[in-house]
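Working notes for the structure below.
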Amino acid sequence: MKKIILVIIAASLSFFCRAQILEERDSLLAGVNEAPVVALDSSLVGRSIFSVMPNRNNGDDATVSVNQSDEIAKAFADKVEANTFKEVGGYRIRIYFSNAQNAREESLAAVARFKEKYQYPVYHSYVNPNFKVTVGDFHNKSEALGLLERVKRDFPSAFIVKENISLRY
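Numbering (our numbering) for the sequence shown: 262 to 430.
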């Protein structure tokens, strides 16, 4: 009986150590110092949670009603309005970077080509002496890598950069 318990304990420790090593390796790939990712439901962007609750008048199976005073409803609306935009550390993909004589025209062409094919935010900027085109707002590198693989077909020199990203709620 003692032998079986020892084998179970040894197997558990072995599994735990292996899981810990894999977790550390994955955290190195994703970036150790990254802030925790906040899950956002993009379907609620710009909407109040109360506006999407089930209602029989809209064809739903049930109606959810919230009984609250007007003061609480106004305070909630004011809080939502005050927090509609935030800037946090994140990642974007740089698809163009140049200081050539025709860099302005080339960067605008890169913006147009990207918008034609992809549905991500595009940021065009000039920081003396370079024109830059950066795309996307990603919380972590893993999210950015997914788009980078697709973008590399059209923009072979694209790479990931760490920047402050815009979050709109």
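Here a beta-carbon is modelled for each residue, glycine too, at the ideal position from N, C-alpha and C.
Y357 is bridged by DSSP to V394.
When DSSP states are grouped into helix, strand and coil, K423 belongs to the strand group. For V383, the uninterrupted beta strand (DSSP E) run begins and ends at 383-388, by DSSP. Taking a C-beta distance under 8 Å as the contact criterion, A323 and I354 do not qualify as a contact pair.
Ranking S427, R414, T395, N319 by CA distance to the CA of I421 puts T395 first. Below 8 Å, enough C-beta pairs join the stretch 379-391 and the stretch 348-362 to call them touching: three or more.
Looking at the backbone, the Cα of L369 and that of P417 are separated by about 17 Å. Bridge pairing for V349: I426 [DSSP].
Judged by their CB atoms, I356 and A371 are nearer to each other than the 8 Å cut-off. In the three-state DSSP reduction, F416 falls in the coil class, being neither helix nor strand.
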